[in-house]
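Shown next, in structure tokens, is the structure this report addresses.
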Amino acid sequence: MMNSIPSLTQWVESKRWFPKRLAGQVPTVQVLDHSDHWWLVELDYEGACLQVPLAEGKEALFNGQLVKDGCADPNFLKAWLQKVAKSGGLFPSQPELVDEAYTDWMQALGGAKVLTGEQSNTSVLVPARRWPVIIKFFRVLYGGEQPEVSLPLALTKAGFEGVPQVRAISQITRNNEVITDSVASDYVHRAEDGFVFFTQAAKAGDSLSKEAFELGRISAQMHSLLERHFGSTLKDIDASNRLRASYERAAAAYPPITQINLPIADLPKLSAPVCRVHGDFHLGQTLHSATGWSIIDFEGEPLRPLSERLEPDMPERDIAGMLRSFDYARATGGASQQWEQIHRKAFLEGYSSVRQFHQEALQILEIDKALYEVAYEAQHRPTWVHVPLGGLKRLLG
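Quick note on numbering: my numbering labels position 318 of the sequence shown as 1389, and the sequence is numbered without any gaps.
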């Protein structure tokens, strides 16, 4: 029986959160902490470090012990909570509530469960009575600023109600560098994934223009507050070179795209303000509940190096990602182009009610996003390549 159970490295490579670029490499394995029932293991793939909590189970074999993923294991979570509280990372914005929060969470650890759908990390719901939270365990560990922490903290400090409040931060220090390994944020009660919310409406042919307007308004508020907190600068945009590079990547993945004429040479050089942005903004990064919209997952595109994700960018890139997401909701739900246009228009009107956007930059970035999607779909979901292709043709008029 033991021969049929995968080794730890084999098991890790089968997980959705495992970076495929590391497949086949042999990592250095180090146990960072442990008890009789759980282990906190680090796998070092020549500088790319993965965090792997383990608990007693039957999924993999590690050091002669049968183990499973330990992120939601009550014994591991108890040790995690004790460590966070001892380090001062619990309720960083309201230290007067630490003792109450500690007791509230400790009593709920037995009901913790891993949430499905997470890809690059693992999220665990702790259904505490007073302060239910979602703990996100980062699988790939980076030193320095973690945008999933710094951006929501900045927004919360500014009074923004459209982001779940950060309730706990867990960090380690290695080689004089601080690494954030996990973060806990408020659980949004009875919330629905934004993409599912709009897809169901598309399926039924229902209009959610009011909700799209409100989503645009709160997105603009987010950008304004990030700009105020982190500052902004003007940046020259070489639209021709940017789109040429994206077009070449799309053509390499999907050669028929060369039949579409992209007027790259005619594009003007633009100058637009850049600031810190969400970085991977689409309907799936939002939650809709009775209290309105919440924006989540501020890590940025997980395949990009952290240094790039921390760089200022144009808010129009976030807007472009959201507009393309409405196209996917339409296609998934089988709605008409008119349905998509109604919701695009409502979102942009909501955004414009708070702050203006650069129309030319938005058009260029939406074309750029569609080209990225063509390459992605051709490589990963070929039957979906028609969605960004159709969007690209409409954008080009």
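Even for Gly, the Cβ is constructed at its ideal location relative to N, Cα and C.
inquiry  = I need the straight-line Cα distance from Lys1207 to Ala1336, nearest angstrom please.
reply    = 44 Å
Neighbour-count burial assignment, Arg1380, 16 or more Cβ in a 10 Å radius = buried
task = Could you check if Gln1153 is buried or exposed, using at least 16 other CB atoms within 10 Å of its CB as the buried criterion?
result = exposed
task = Starting from Asn1192, follow the beta strand (DSSP E) in both directions and report where the run begins and ends.
result = Asn1192 to Val1197
key: Range covered by the beta strand (DSSP E) that runs through Thr1253   = Checking the sequence shown, residue 1253 turns out to be Ser, not Thr. Counting along the chain, the beta strand (DSSP E) containing Ser1253 begins and ends at Glu1248 to Asp1257.
task = Determine the direct distance from the alpha carbon of Asp1252 to that of Thr1193, and round the result to whole angstroms.
result = 11 Å
Beta-carbon proximity of Ile1250 to Ile1240, cut-off 8 Å = no
query = Would Leu1467 be called buried (16 or more neighbouring beta carbons within 10 Å of its own) or exposed?
reply = exposed
task = Going by DSSP, name the residue or residues bridged to Asp1322.
result = In the sequence as displayed, the identity of residue 1322 is Ala instead of Asp. According to DSSP, Ala1322 bridges with nothing at all.
Meets three-Cβ-pair contact criterion under 8 Å: the region 1313-1325 and the region 1285-1294 = no
query = Is the Cβ-Cβ distance between Leu1226 and Val1220 less than 8 Å?
reply = no
Residue burial classification, Gln1292 (beta-carbon count within 10 angstroms, cutoff 16) = buried
key: For Phe1208, the residue or residues it bridges with in DSSP   = Thr1193 and Ser1253
ask   = Quick one: what's Gln1136 bridged to in DSSP?
value = Phe1133
key: Element boundaries [alpha helix (DSSP H), containing Thr1270]   = Gly1265 to Ala1275
query = Is the beta carbon of Thr1270 sitting closer than 8 Å to the one on Gly1404?
reply = yes
task = Ignoring anything shorter than 3 residues or poking outside the region 1339-1423, list the beta strand (DSSP E) runs there in chain order.
result = 1341-1346, 1357-1360 and 1363-1366
ask   = Would a C-beta distance cut-off of 8 Å place Leu1186 and Gly1265 closer than the cut-off?
value = no
key: Collapsed DSSP secondary structure at Thr1454 in the structure displayed   = helix
query = Around the C-beta of Ala1094, are 16 or more other C-beta atoms found within 10 angstroms, so that it is buried, or is it exposed?
reply = exposed
query = Can you tell me where the alpha helix (DSSP H) with Ala1239 in it begins and where it stops?
reply = Here Ala1239 belongs to no alpha helix (DSSP H); instead the beta strand (DSSP E) covers Val1237 to Arg1245.
key: Ala1449 to Ile1328 span [Cα, whole Å]   = 11 Å
message = Between the region 1305-1319 and the region 1342-1354, can you find at least three pairs of beta-carbon atoms closer than 8 Å?
response = yes
task = Check Tyr1213 in the structure and name its three-state DSSP category.
result = coil
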